[in-house]
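Asks:
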DNA sequence: CGCTTTGCTTGCGATTTGCAAGCGAAAAGA
DNA sequence: TCTTTTCGCTTGCAAATCGCAAGCAAAGCG
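Chains as they are written, first to last, in the numbering used here: chain A, 78 to 234; chain B, 78 to 234.
1) Rounded to the nearest angstrom, what separates residue 176/B and residue 172/A at their Cα positions?
2) Take residue 98/B and list the residues in its own chain whose beta-carbon comes closer than 7 Å to its own, dropping the five residues that flank it on each side.
3) Using the C-alpha atoms, what's the distance from residue 116/B back to residue 224/B?
4) What first and last residue would you give for the alpha helix (DSSP H) that runs through residue 73/B?
5) Assign residue 210/B to buried or exposed, taking buried as 16 or more other Cβ atoms, counted over all protein chains shown, within 10 Å of its Cβ.
6) Please determine if the segment 177-197 of chain B and the segment 184-193 of chain A are in contact, where contact requires at least 3 C-beta pairs separated by less than 8 Å.
7) If we call anything under 8 Å between Cβ atoms a contact, is residue 50/B one with residue 103/B?
8) From the beta carbon of residue 140/B, is the nearest beta carbon of chain A less than 8 Å away?
9) What is the DSSP secondary structure of residue 230/B, reduced to helix, strand or coil?
10) According to the neighbour-count rule (16 or more other Cβ atoms, all chains shown, within 10 Å of its Cβ), is residue 189/A buried or exposed?
11) Identify, in the order they occur along the chain, each residue of the same chain with its Cβ nearer than 7 Å to the Cβ of residue 156/A, setting aside the five sequence neighbours on each side.
12) To be precise: take each residue of the segment 179-213 of chain A, compare its Cβ to all Cβ atoms of chain B, and keep it if any distance is under 8 Å. Which residues remain?
13) Specify, as a first and last residue, the run of the beta strand (DSSP E) that residue 148/B falls within.
14) Using only the alpha-carbon positions, how far apart do residue 148/B and residue 158/B sit?
15) Looking only at DSSP bridge pairs, what is residue 162/A linked to?
16) So, with DSSP's three-state summary, where would you put residue 221/A?
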């Protein structure tokens, strides 16, 4: 008589927990789109440069939602559409995403804008604080998240 | 007449580059074992709590080596065995791994030792600097990496 | 009413996974 | 020496996942 199902982790290591939740090629791209690009609908995610397949996108959104990383709410204007937004737990993935961006920009050939990378490395905490502040206010006003977020690319103090 | 093969990225985004290299359920666990647990041989990785299959371990080690994240060198004592060690590029994954550990420890049930998590959050840069220093000296003396790295769990200034 | 958009499902072949077994070379033990 | 064990790795195979195309109901739009 089992009670419920915390799908049984491979280990009790926190890194392993993280990897089991978003350790794949797609999940963090959706988080990136939410965090930095102001994307919030299925179609907007689908239109991302990487070209995620619709079935995978559906699966990842469900998974992220069931993990409490994103929230979904229907568009009152258009009943077909839903808006996705990051929860607190999702916003807290920003440091992970930023470190991965910095590493990728440093060691691989990418089209990363140098000023953004510079801000992320030299001004990490301010960038994260900005993202958090922006999302917090957005979740109060209820009118979706930030859109382009080229805010704190300029240094703070 | 194609020149070579930079396996063709899905996009030029640095996050995507990172995900294509280590965006799977296993690669970073190997990096963790190297960074924090002093493991350095095939068998030691295999003995990790998560129980990686040998074929996958072989594949990931090859992949990490071809990406320049780990280096392999034969054991002069035992010709069967090889030692793996992190390169500079691999050591620079420490911030990524640490953020994932912190996130996992914060939001999931894990067995993460609280003092280690505390050090990683409150004293992030010192922890990273310690790891780097430790690995740099190890790669000079040529006698493998750090072993238990419970060093900077105590705050610095 | 046709026509499009949105989010999602289905089908299907290809790739990747997880697990077990096996294997050669080297080391260790008798 | 001869046997056994260890190490890193390969193979086989079933299951799961992936990527791509097509389709589809519900809702908006003309």
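All C-beta atoms in this analysis are idealised placements derived from N, C-alpha and C, irrespective of residue type, glycine included.
Replies: With the given structure in hand:
1) 6 Å
2) 144
3) Note on residue 224/B: pLDDT 46, under 50, position unreliable in the model; no value is reported.
4) Since the first residue shown for chain B is 78 and the last is 234, residue 73/B is missing from the structure and cannot be characterised.
5) exposed
6) no
7) Missing from the structure shown is residue 50/B; chain B here goes from 78 to 234 and no further.
8) no
9) At residue 230/B the pLDDT is 43, less than 50, meaning the model places this residue with poor confidence; the figure from the coordinates comes in the next sentence. The answer is coil: DSSP assigns residue 230/B none of H, G, I, E or B.
10) buried
11) none
12) 179, 180, 181, 182, 183, 184, 185, 186, 187, 188, 189 and 194
13) 147-151
14) 14 Å
15) 148/A
16) In this prediction, residue 221/A has a pLDDT of 47, which is less than 50 and means its spatial position is unreliable; what the coordinates show is noted afterwards. Here residue 221/A sits in coil by DSSP.
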